[in-house]
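Notes to accompany the following structure.
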Amino acid sequence: MFAKFSPLPPPVAHHGADMPSVALQHINVSYGDVRALDDITFQLPRGAQVAIVGPNGAGKSTLFNVIAGIVRPTGGRVDIYGTEPGGHICVGYVPQRNRIDWRFPVTVTDVVLMGRTRKIGLFRRAGQADHRAVQEALARVRMDALANRQIGELSGGQQQRVFLARALAQEAELLLLDEPLTGLDLPSQEILLQILEELRAQGITILVATHDLNQAAAYFSTVLLLNHRVIALGKPVEVLTAALLREAYGSQLHVVHGGVDPQQSEDALLVADSCCGAAALPPVAYSERPMLHSPSVEDVLEQVRS
Ligand code: ADP
Ligand code: MG
5 MFAKFSPLPP PVAHHGADMP SVALQHINVS YGDVRALDDI TFQLPRGAQV AIVGPNGAGK
65 STLFNVIAGI VRPTGGRVDI YGTEPGGHIC VGYVPQRNRI DWRFPVTVTD VVLMGRTRKI
125 GLFRRAGQAD HRAVQEALAR VRMDALANRQ IGELSGGQQQ RVFLARALAQ EAELLLLDEP
185 LTGLDLPSQE ILLQILEELR AQGITILVAT HDLNQAAAYF STVLLLNHRV IALGKPVEVL
245 TAALLREAYG SQLHVVHGGV DPQQSEDALL VADSCCGAAA LPPVAYSERP MLHSPSVEDV
305 LEQVRS
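In the numbering used here, each residue carries its 1-based index in the sequence shown increased by 4.
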C-alpha cells in the first residue's frame, strides 16, 4: 500500500552519464480507493522541458510527488538519473501552493539553506559559500529583503519565489514546478518566467504542471497530457489536438477559441477552465496527519534533508 518513504537519510545518488533524467515504468498510485496514477510509463531525456497538462484531479501533483520521492507508488519503478527517487540533491521541487501546509516554522533563509544540505554534507556546518549561494538565490528572486521572515507569513507569490530560490541554491538539474503561475501576482509571474527562461538556456530539465494549454503550447517543446494515465506525450501540435484533449478533459472541456467546433476541426486550440477548483484539498494538520496526505512544507524539505 501507499506509504511515505523512510525517514532515514537516503544515500546520495550518483548519476550515470547517459541515464534519462526521469524514467517511469508502470507506475500506479492509489489513495485508498482512488486510483490517482494508472500504469504510467514514460522517459525523459536530460534537458527536456515538459508541460504536464490535464484536468483537475488528473494526477499531476501526485506524479511530481512520485518523482520527488515524497509519495511511494503502489506499483512500478521510478528511476531518476538511473537511481531511485529521494536523496537527489539535483531535484528541485516547487510544490503546488494550495496543497501544502505552510505552518512549518522556518524562515526564508532556512528553507533555501536546506536546499544546500547535501552540498554541505552531514557533519559540516554551512560555510561561507553556502550562505553566499543562499543570498544570491534570494536576490535573484528578489526576496533578499525578507530573508528572516517565517515562510508561513509570506504571500503566495513570495512563497513560490522562496522555493524557486531553494532550487537555484541547490543547483538543481531537474526542476519540478507544480502550477507555478496559478494565482500569482504579476511581478512574481514575471520573475518566475524570466528565471525559467534562464534555466532553460542552461539545459536544466524542467517539468511544469499547468492548466493553461496556451502557455503549454507557447513555452514548451514537449507536452504530457495526463488523466490518471498518459493520454499523449510529444510536441504541442501532436498532443494538443481536439481529439486528445476531448479524451483527457471530457466534460471539463468547454471553451473553444474563435467558436470553432472541436467536432469539425482537429486543429482547434481548446481551453479547459478547471483551475484550482473542487480537487484542491485542505492542508492537513500535523497532529492529525493521516498516512495518506498531501505533502507539507516539511515533507518537501525532508526530501533533501539529511
Ligand atoms: P492534479 O494535481 O492533477 O489536480 P492530484 O495528483 O492532486 O491531481 O490528484 C489525483 C487524484 O488523487 C485526485 O482524485 C485527488 O482527489 C486524489 N488525491 C490527491 N491527493 C490525495 C490525498 N492526499 N488523499 C486522498 N486523495 C488524494
Ligand atoms: Mg495538482
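Every residue, glycine too, gets a C-beta built ideally from N, C-alpha and C.
Endpoints, the beta strand (DSSP E) within which residue i is located
{"i": "T45", "result": "38-48"}
{"i": "I235", "result": "233-238"}
{"i": "V98", "result": "95-98"}
Nearest to residue i (by Cα), restricted to the options the options
{"i": "N60", "options": "Q29, N231, P89, K239", "result": "N231"}
{"i": "V116", "options": "H135, G187, W106", "result": "H135"}
{"i": "G96", "options": "N69, D83, W106", "result": "N69"}
{"i": "L229", "options": "G161, N32, V38, A55", "result": "A55"}
{"i": "D37", "options": "T78, L196, D105, R204", "result": "T78"}
{"i": "Q219", "options": "G119, T186, P191", "result": "T186"}
{"i": "R107", "options": "A247, R153, E183, D83", "result": "R153"}
{"i": "E183", "options": "Y35, V57, S34", "result": "V57"}
{"i": "D105", "options": "V241, Q163, T45", "result": "Q163"}
{"i": "E194", "options": "D216, L217, R165, Y85", "result": "R165"}
{"i": "Y35", "options": "A247, G86, A72, R76", "result": "R76"}
Residue i vs residue j beta-carbon contact at 7 Å
{"i": "L142", "j": "A171", "result": "no"}
{"i": "A27", "j": "Q53", "result": "no"}
{"i": "L211", "j": "L237", "result": "no"}
{"i": "A205", "j": "C94", "result": "no"}
{"i": "G161", "j": "D189", "result": "yes"}
{"i": "S65", "j": "Q100", "result": "yes"}
{"i": "A137", "j": "A173", "result": "yes"}
{"i": "T214", "j": "S25", "result": "no"}
{"i": "V82", "j": "P89", "result": "yes"}
{"i": "V110", "j": "A151", "result": "no"}
{"i": "G80", "j": "I31", "result": "yes"}
{"i": "V234", "j": "I84", "result": "no"}
N-terminal and C-terminal residue of the alpha helix (DSSP H) that residue i is part of
{"i": "A141", "result": "132-144"}
{"i": "V314", "result": "With the chain running from 5 to 310 in the structure shown, residue 314 is simply not present."}
{"i": "G86", "result": "Note, G86: premise wrong, no alpha helix (DSSP H); not H, not E."}
{"i": "Q29", "result": "Where Q29 is concerned, there is no enclosing alpha helix (DSSP H), although the beta strand (DSSP E) it sits in stretches over 26-35."}
{"i": "G371", "result": "Lying before the first or after the last residue shown, residue 371 is absent from the chain, which here runs from 5 to 310."}
{"i": "N218", "result": "217-223"}
{"i": "F108", "result": "Counting along the chain, F108 falls outside any alpha helix (DSSP H), and DSSP gives it neither H nor E."}
{"i": "T66", "result": "64-72"}
One or two residues paired with residue i in a DSSP bridge
{"i": "T209", "result": "L178"}
{"i": "L228", "result": "I56, L237"}
{"i": "V243", "result": "In the DSSP output, where bridge partners are listed per residue, V243 has none listed."}
{"i": "G79", "result": "N32"}
{"i": "Q154", "result": "T111"}
Task: the region 146-160 contacting the region 197-205, beta-carbon criterion three pairs below 8 Å - done: They do not touch, by the three-pair rule.
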